[in-house]
Amino acid sequence: MKSLSISALIYAAFIAFPAVASAPLDYDDARHLLNRTGFGATDAEIRRMIGMTREEAARMLLAATRTSAVTAAPAWTNDAGPLRYPRRGEGASEMERKQFQQEQIRDGLELRGWWLDEMLATPSPLTERMTLFWHNHFVSSQQKVRLALFMYRQNVTLRAHALGRFGDFLHAVARDPAMVIYLDSAQNRKGAPNENFARELMELFTLGEGNYGEQDIKDAARAFTGWSLDRDSGRFVFRRFVHDYGSKTVLGRSGYFDGDDVLDILLAKPQTAEFITRKLWREFVSPDVDEAEVRPIASRFRDSRYDIKVALYALLTSDAFYAKENRGVLVKSPVDLVVGALRQFDLKPGEPVPFAVAAAAMGQNLF
Numbered sequence: 039m040k041s042l043s044i045s046a047l048i049y050a051a052f053i054a055f056p057a058v059a060s061a062p063l064d065y066d067d068a069r070h071l072l073n074r075t076g077f078g079a080t081d082a083e084i085r086r087m088i089g090m091t092r093e094e095a096a097r098m099l100l101a102a103t104r105t106s107a108v109t110a111a112p113a114w115t116n117d118a119g120p121l122r123y124p125r126r127g128e129g130a131s132e133m134e135r136k137q138f139q140q141e142q143i144r145d146g147l148e149l150r151g152w153w154l155d156e157m158l159a160t161p162s163p164l165t166e167r168m169t170l171f172w173h174n175h176f177v178s179s180q181q182k183v184r185l186a187l188f189m190y191r192q193n194v195t196l197r198a199h200a201l202g203r204f205g206d207f208l209h210a211v212a213r214d215p216a217m218v219i220y221l222d223s224a225q226n227r228k229g230a231p232n233e234n235f236a237r238e239l240m241e242l243f244t245l246g247e248g249n250y251g252e253q254d255i256k257d258a259a260r261a262f263t264g265w266s267l268d269r270d271s272g273r274f275v276f277r278r279f280v281h282d283y284g285s286k287t288v289l290g291r292s293g294y295f296d297g298d299d300v301l302d303i304l305l306a307k308p309q310t311a312e313f314i315t316r317k318l319w320r321e322f323v324s325p326d327v328d329e330a331e332v333r334p335i336a337s338r339f340r341d342s343r344y345d346i347k348v349a350l351y352a353l354l355t356s357d358a359f360y361a362k363e364n365r366g367v368l369v370k371s372p373v374d375l376v377v378g379a380l381r382q383f384d385l386k387p388g389e390p391v392p393f394a395v396a397a398a399a400m401g402q403n404l405f
């Protein structure tokens, strides 16, 4: 049933972008595709793709994507106990608070090593490439979130939705405990709304700058009042008694909206599909966006109910993706450099943490 579902998705993407079959890939084409959709490739991996058409290669990569990691997660990620910070006002000693901090630093380092290990071990580098893409899009940081377990759970959510439907993804991220903490959603209450999440939601996650007004942010923030966490379980909870049930106006629509309503209003806007498609273009094609190319892809993306695979298939089979002027134009991130070098030479470090630390030293700290 699962394979049938994947096949149906890829077939739908293929139908959405009909095209005359392209010429077979040569060595340089295959290397370009694998480098852009993963973290480097071995000579053997490149040669296996020679002779495929663009369409065949894209379908193969998309069909192989995953929703879960293959690398066993650290044992502490199974901890189901209460997730409380030791607080001075609740009787925690200075030693207990320092011990907690050291434990979270240690767990965070292990988590960074685990994800880098997954990037090396995965049978689907595109899955981890997209997980990293969304990690940078839905930005958060352990420095503020503090609990490594929340960062792990967010990573699981990112991977589960990385190549699914963006609408479902957006609703899941809005409830993600790490995001709730990072953007202060738990402090968003009726009568004293906190606008941090609403502002980032519009500016960075959906519409992009210039496509909303300050009043839209204010009323959207009111719609998200009451979105919080249960401190005993660390899970999302809606607190009705601090929710603002009054009428709001967001992007020209008025009603007694809650947070889910606002997310759906944003998803209905063509600017959201265009904003995400531009980011995918910059990730996979070129830092210079071709609006004439992006707009029809964004339209198909939105019409597909935000199926991320539809947008990716279009990008990976486009003339622009394979154009000579768009090769070698993307700046590799520190993670790209570290993981790419290890994958290219088929190196499997016994201890991945030092390599994650090396990437952090170069400016990209996972989590």
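Residue numbers (the numbering used here): 39 to 405. Beta carbons: idealized from backbone N, C-alpha and C, even for Gly. Since the model is a prediction, treat every value here as computed from it, not as a measurement.
(request) Provide the residue(s) that pair with T287 in DSSP beta bridges, ordered along the chain. (result) S292
(message) Using the three-state DSSP reduction, which class does G158 fall into: helix, strand or coil?
(response) In the sequence on display, residue 158 carries Leu and not Gly. Note: L158 maps to helix in three-state DSSP.
(message) Is the beta carbon of L353 closer than 8 angstroms to that of F359?
(response) yes
(message) For the beta strand (DSSP E) containing S266, name the first residue and the last one.
(response) W265 to D268
(message) Report the start-end ranges of each alpha helix (DSSP H) in the region 307–344 that is 4 residues or longer and not cut off at the edges.
(response) The region 307–344 contains these whole alpha helix (DSSP H) runs: 308–322 and 329–341.
(message) Comparing C-alpha positions only, which one of S60, A107 and M87 sits nearest to L71?
(response) M87
(request) State the Cα-Cα distance for the pair L158 and K386, rounded to the nearest angstrom. (result) 7 angstroms
(message) If contacts are defined as beta-carbon pairs under 8 angstroms, then T115 and Y190 qualify, I think. What distance do you get, rounded to the angstrom?
(response) Confirmed, about 5 angstroms.
(request) Using DSSP bridges, identify the partner residues of A230. (result) R227
(request) Put V275 into one of helix, strand or coil per three-state DSSP. (result) strand
(message) Once the 5 residues before and after Q192 are set aside, which same chain residues still bring their CB inside 6 angstroms of it?
(response) D214 and A216
(message) Nearest by alpha-carbon distance to Y283: which of S60, S271 and D296 is it?
(response) Ranking S60, S271 and D296 by Cα distance to Y283 puts D296 first.
(request) Going by CA-CA distance only, name the one from A110, L242, T91 and I255 that's closest to N174. (result) L242
(message) For R260 and K228, I'd like the C-alpha separation in whole angstroms.
(response) 7 angstroms
(request) Please list, in chain order, all residues of the same chain as Q180 whose beta carbon is under 6 angstroms from its beta carbon, the five residues on each side excluded. (result) G146, M189 and F405
(request) Determine the closest residue to F176 out of P163, E321 and E238, with distance taken between C-alpha atoms. (result) The option with the nearest alpha carbon to F176 is E238.
(request) Could you have a look at R365 and say whether DSSP puts it in helix, strand or coil? (result) DSSP places R365 in coil when its eight states are reduced to three.
(request) Please classify R203: does DSSP put it in a helix, a strand, or coil? (result) strand
(message) Rounded to whole angstroms, what is the Cα-Cα separation between P161 and M133?
(response) 44 angstroms
(request) Would you mind giving the Cβ-Cβ distance between T355 and R92, rounded to the nearest angstrom? I have them listed as a contact below 8 angstroms. (result) About 5 angstroms separates the beta carbons of T355 and R92, which is inside the 8 angstroms limit, making them a contact pair.
(message) Using 8 angstroms for Cβ pairs, my map puts G264 next to R278. What's the rounded Cβ distance?
(response) 6 angstroms
(request) Go to G401, then tell me how far its alpha helix (DSSP H) extends in each direction, as first and last residue. (result) Here G401 belongs to no alpha helix (DSSP H), and DSSP marks it neither H nor E.
(message) What does the Cβ neighbour count give for S271, buried or exposed, with the cut at 16 atoms within 10 Å?
(response) exposed
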